[in-house]
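Participant: Can you read through this structure? Questions will come right after.
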Amino acid sequence: MSSLTWVDALAFTAIAVIIISALRNLGIQFKQRKLQLYRLAMFSNSLNRMILNNVRIIIFILILIGMAMFVGIQDPTYETIDLEFLNEGVIADIFAALYSLLTVIITFRAFRFCRKELAE
């Protein structure tokens, strides 16, 4: 059984639409200007920006989890650190939806330069 939720499917669809529309806009500019490597360079720059920002978000989340674990270890009232709420439950669904929303926003912002016209 797949663990793909409707929020994930909606996020993947939005990301695909953003990337396809950026490629279409680059194709239109490519036909007008006849620059050989412009389309490839703009697409690769946007894709690299999207990947780099997603890696930054993941590192930030891992740092927050590490800090929470470190604070939990320091408190003598905690016998074990329970991070099960991050795997299942309402909090996990909220975090997954927020991460999907952040991914769509990052993708939209990364590919925003593909919509701009090339300066003369």
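With our numbering applied, the sequence shown corresponds to residues 1350 to 1469, in that order. Note that CB positions come from ideal geometry on N, CA and C, so glycine has one too.
#1: What ranges does the alpha helix (DSSP H) occupy inside the stretch 1388-1463, keeping only unbroken runs of at least 4 residues that lie completely in it?
#2: Inspect the CB distances between the stretch 1437-1444 and the stretch 1358-1377 and report whether three or more fall short of 8 Å.
#3: Can you list, in chain order, the residues of its chain with a C-beta nearer than 6 Å to that of residue 1446? Leave out the 5 residues immediately preceding and following it.
#4: Residue 1420 CB to nearest chain B CB: under 8 Å?
#5: Could you have a look at residue 1352 and say whether DSSP puts it in helix, strand or coil?
#6: Determine the direct distance from the alpha carbon of residue 1365 to that of residue 1350, and round the result to whole angstroms.
#7: Consult DSSP for residue 1375 and reduce its assignment to one of helix, strand or coil.
#8: Here's the rule I'm using: 16 or more other beta-carbon atoms within 10 Å means buried, otherwise exposed. How should residue 1395 be labelled?
Facilitator: If we stick to the structure as given:
#1: 1439-1459
#2: no
#3: The residues 1356, in chain order, have a CB closer than 6 Å to that of residue 1446 in the same chain once the five nearest residues on each side in sequence are set aside.
#4: Annotation note: the requested chain B is absent from the structure, which comprises a single protein chain.
#5: coil
#6: Summary for residue 1350: the model assigns pLDDT 44, below 50, so the residue's position carries little reliability; its value from the coordinates is reported in the next sentence. Each residue's alpha carbon lies about 24 Å from the other.
#7: helix
#8: buried
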